[in-house]
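Residue numbers for the sequence shown follow UniProt numbering, so the first one is 1 and each next one is one higher.
Glycine included, C-beta positions come from ideal geometry on N, C-alpha and C.
In this text, all values refer to a predicted model and were calculated from it rather than measured experimentally.
Written below as structure tokens is the structure these notes are about.
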Amino acid sequence: MSKEFILPDIGEGIVECEVVEWLVAVGDTVKEDQPICDVMTDKALVQIPAVHDGVITKLHYAKGDIAKVHEPLFAMNVEGDAPVEEATAEASTAKEQPAATQGSHLEDFILPDIGEGIVECEIVEWLVSEGELIKEDQAVCDVMTDKALVQIPAKYDGVVEKLYYQKGDIAQVHSPLFQVRLAHSNGTQAAPAKSVEEELAIHKPQPVSSSTSSPAVTQPIINGKAVASPAVRRRAREMDIDIRQVPGSGKNGRVYKEDLEKFLSAGARPAAPVVSEAAPQLTTNTANTVTGGARVEPIRGMKAAMAKQMVASVSTIPHFTYSDEIDLTELIALRLSLKEQYAKQGIKLTMMPFFIKALSLAIKEFPILNSQVNDECTELTYFDDHNIGMAVDSKLGLLVPNIKGCQNKSIVDVAEAVTKLTDAAREGRVSPDDLKGGTISISNIGAIGGTTATPIINKPEVAIVALGKLQHLPRFDADGNVVSRSIMQVSWSGDHRVIDGGTIARFNNLWKSYLEEPAKMMMAMR
1 MSKEFILPDI GEGIVECEVV EWLVAVGDTV KEDQPICDVM TDKALVQIPA VHDGVITKLH
61 YAKGDIAKVH EPLFAMNVEG DAPVEEATAE ASTAKEQPAA TQGSHLEDFI LPDIGEGIVE
121 CEIVEWLVSE GELIKEDQAV CDVMTDKALV QIPAKYDGVV EKLYYQKGDI AQVHSPLFQV
181 RLAHSNGTQA APAKSVEEEL AIHKPQPVSS STSSPAVTQP IINGKAVASP AVRRRAREMD
241 IDIRQVPGSG KNGRVYKEDL EKFLSAGARP AAPVVSEAAP QLTTNTANTV TGGARVEPIR
301 GMKAAMAKQM VASVSTIPHF TYSDEIDLTE LIALRLSLKE QYAKQGIKLT MMPFFIKALS
361 LAIKEFPILN SQVNDECTEL TYFDDHNIGM AVDSKLGLLV PNIKGCQNKS IVDVAEAVTK
421 LTDAAREGRV SPDDLKGGTI SISNIGAIGG TTATPIINKP EVAIVALGKL QHLPRFDADG
481 NVVSRSIMQV SWSGDHRVID GGTIARFNNL WKSYLEEPAK MMMAMR
């Protein structure tokens, strides 16, 4: 019996997610807890497992589509359940068909609900034309709502009779979108196969005369159905490529963005525009006036979440920045002396664990740096746990996982946590718990480049520090001699509603002393 898998809650406050990759296909046999697909929320990449053994019968979304929480994600025949309902449904359908089912009839495709609260959408692109033969589940058009780009599939096999909207028009939900001519059968084919071809010949637009197009530009259609996600189709339009000409490297010929790049790099020319006989002059004028291109991409997922978070931070928190330099010469020497020893134990000892542990030690003396203020700025909450976040430049965007309870961890414990969270963040697979509950953050922008920054506070925290790149600079020693020292610039941003300049300067001086004199840091770890 086919059962729908309902997408469960995958994070606090998350109502939708993007389907990043299907790990199975229709017809595949799956086991309980086997990963079915990867979905991306505005916080992390999440893997959705099967809850039963069985066979996949339908995937409700294409790669790149936006799936809704508490709505069907895929369907499967559950192992051990008798397919009674399916047999009954088939019998019922057979009875409903009239005895005289010769020929065909016209049926309007009604635009279904495509998102909660959405009543209209814009036609971005028709993927078929009038007179074209279509198959069940074939993509018919791309529509844009105020939330996402959605692909509308056909419900039946047939011939497209009429498109009710033009590209750029606004279509209404629950209204006809296009009309299709359906051919009926009564267990046997009602009409010879050539009748469909004849119908296509009647309805298909006449091709452009050979005198108006160059044979050298023509590319063969090798991927008629052109299985691809909305994002890939949009990219193909931006690159002026007929996606039907692109060989797909995915399963069932699915076309990915990499296939588009290979298609162009192989020397294939973009698809020649179809010149309408009714308006040849308009096409010519457009070609003459266009001198450049532009590409528009929706902001969603991790980027959209970061945008909202940053706007909320800078618009509600009065930031101020404090910069200083730290001499890390002795700390670097200590790390080098311990690095090989801990590497044999499988522990990657970077500089970050020292920065985090020193920060935790300094917070003990300045607990206000580990606090949060309410929106009305009437209360200040102090936290016992030092949950120190570190910004990671992941493949999905900026993530800030945090290490819980740093005040109770040794440098080695922190090092293990840093390695684990960094690896997970770069793959986009950080658990929601690791992204929640941070109390103060470190941004290691210097790993990429730059010396100073003005970091934006990770609201509702009250402070963040940005580490600059490490530089070997000349400095005077105690005897007045010029020596080479390992110097790093650090930049603090503080919430000026609760932290003043003097407080953050004294806090930084203590943190700096732990880093410049590692022995002092070790003595403070009691």
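Bridge-paired residues (DSSP) for residue i
i    : result
N77  : S2 and V55
H105 : L182
H319 : D495
G158 : I134
L163 : F178
Q309 : None; Q309 has no bridge partner.
V150 : V143
E21  : D38
I487 : D327 and Q471
V30  : G54
I14  : DSSP, once it has assigned bridges, lists no residue as partnering I14.
K68  : E16
I110 : P176
Residue from the options with nearest C-alpha to residue i
i           : options                   : result
D433        : R426, E32 and L421        : L421
E125        : Q47, I243 and C37         : I243
D393        : V311, N481, L264 and I442 : I442
K357        : M306, A305 and D413       : D413
G248        : D240, A415 and D259       : D259
Q484        : A478, P474 and K58        : For clarity, residue 484 is Ser in the given sequence; the question names Gln instead. Among A478, P474 and K58, the Cα nearest to that of S484 belongs to P474.
I363        : V19, H386 and Q372        : H386
K63         : E32, V227 and V173        : V227
Q166        : K135, M390 and S129       : S129
F320        : A453, V46 and F5          : A453
F5          : A304, G438, D53 and E21   : D53
F74         : I114, I110 and V19        : V19
P112        : A415, S175 and I170       : S175
G250        : M522, V24 and K3          : V24
residue 528 : Q47, S2 and K31           : The first residue shown for the chain is 1 and the last is 526, placing residue 528 beyond what the model contains.
K3          : K409, A266 and G80        : G80
L435        : M306, D142 and L515       : M306
P298        : D65, V30, I10 and P353    : D65
A415        : S315, M351, R234 and D38  : M351
N77         : H60, V30 and D495         : V30
P353        : I411, I347, V119 and I332 : I411
Residue i, enclosing alpha helix (DSSP H) - first and last residue
i    : result
V246 : No alpha helix (DSSP H) holds V246; DSSP gives it neither H nor E.
I504 : G501 to E516
D259 : K257 to S265
Contact set for residue i: own chain, Cβ-Cβ below 7 Å, skip 5 residues either direction
i    : result
Q34  : P49 and A50
Q471 : I487
M144 : C121, E122 and V124
E365 : L510
Q309 : K459
K162 : E130, F178 and Q179
F507 : A362, F366 and L369
Contact set for residue i: own chain, Cβ-Cβ below 8 Å, skip 5 residues either direction
i           : result
S513        : K520
A425        : V392, S394, L399 and P401
G405        : D385, H386 and N387
R526        : none
residue 530 : Here the chain covers residues 1 to 526 and nothing more, so residue 530 does not appear.
6 Å Cβ shell around residue i - same chain, five flanking residues per side excluded
i    : result
I14  : T41
P455 : S443, I464, A466 and S493
A193 : Note on A193: pLDDT 36, under 50, position unreliable in the model; the coordinate value appears next. Excluding positions up to five away in sequence, the list is empty.
I489 : Residue identity check: residue 489 is Gln in the sequence provided, not Ile. Once the five neighbours on either side are set aside, the close Cβ partners of Q489 are E325, T451, T452 and G468.
N285 : Because N285 carries a pLDDT of 43, less than 50, the predicted location of this residue cannot be relied on, and no value is offered for it.
Opening and closing residue of the beta strand (DSSP E) in which residue i lies
i    : result
M239 : Run containing M239: none; DSSP gives neither H nor E here.
D142 : A139 to M144
M40  : P35 to M40
A171 : I170 to Q172
E125 : E120 to W126
I48  : L45 to P49
Can you list the beta strand (DSSP E) stretches of 3 or more residues lying completely in the stretch 394-425, in chain order? Counting only runs of 3 or more, we get 397-399.
Enumerate, from N- to C-terminal direction, the unbroken beta strand (DSSP E) stretches of 3 or more residues contained entirely within the stretch 317-400. Within the stretch 317-400, the complete beta strand (DSSP E) runs of at least 3 residues are 319-327, 371-373, 380-382, 388-394 and 397-399.
For the stretch 433-485, which segments carrying the beta strand (DSSP E) assignment without a break, of at least 3 residues, lie completely within its bounds, in sequence order? The stretch 433-485 contains these whole beta strand (DSSP E) runs: 440-443 and 463-476.
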